[in-house]
Every structure is written in C-alpha cells, then in structure tokens.
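Worksheet: the structure to be examined is printed underneath.
In UniProt numbering, the protein residues as written are 1 to 102.
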C-alpha cells in the first residue's frame, strides 16, 4: 500500500472513530445492532430527548453509519454497513464482558 492510500485510509478511520467518540452515538449504534428501530423506539430505549437524538442520528447518517427507511410518517434507522457491527461487537467484548458465572 502506498503512503497516500494509507494516509487516506487513516483519515477515514479517524473520522469514524471521532463519530464513535460520543457516548450517545455509540449507544444508538449498539441499540440498532442487527435490527432497524424507529426514532420513538430509540428515544424510549435510550432515555434521550428527541431533539438530541435527532441531532445524533443526523450526524450518524451524514457520516454514512446509519440509513433510513420511511413507512408512512415513521422513520426507521438501521446500520448502513455490517462492518459497523464488527466494531460494536469488539467494543462490547472489551468493555462489556459477560459476568463470570461461578
């Protein structure tokens, strides 16, 4: 891999990690997992105000981490790329290990 390509890949990774660096955005991605959810469902599950949730969802959408589907007046969000879930799983393994069963 040449230096310029590496530099571009590193820049993309840094932007991705910067987006994950907010606890609410990370909670949203963890909550979505492998299923789509409506804004109302996310709001209830996470206990975040709708206005703040909308801002975080807009950022995640702008960064290409989530996608939307509209059904009547309800907007559903889901992960835009299965690779995002790989990162979430690794973070869960590191920071949310299962409790030891003695």
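A virtual CB, placed ideally from N, CA and C, is assigned to each residue, including glycine.
- In this chain, residue 48 is not harboured by any beta strand (DSSP E), its DSSP state being neither H nor E.
- Residues 31, 76, 77 of the same chain have their beta carbon placed closer than 7 Å to that of residue 37, with the five preceding and five following residues left out of the count.
- With contacts defined as CB atoms closer than 7 Å, residue 88 and residue 46 fail to qualify as a contacting pair.
- When DSSP reads this structure, residue 29 sits in no beta bridge, so it has no partner.
- Between residue 43 and residue 6, the alpha-carbon positions lie close to 38 Å from each other.
- DSSP, read as helix, strand or coil, puts residue 71 in strand.
- When the alpha-carbon of residue 95 is set against those of 64, 79, 27, the nearest one is in 27.
- Around the Cβ of residue 10, a 10 Å sphere holds fewer than 16 other Cβ atoms; the residue is exposed.
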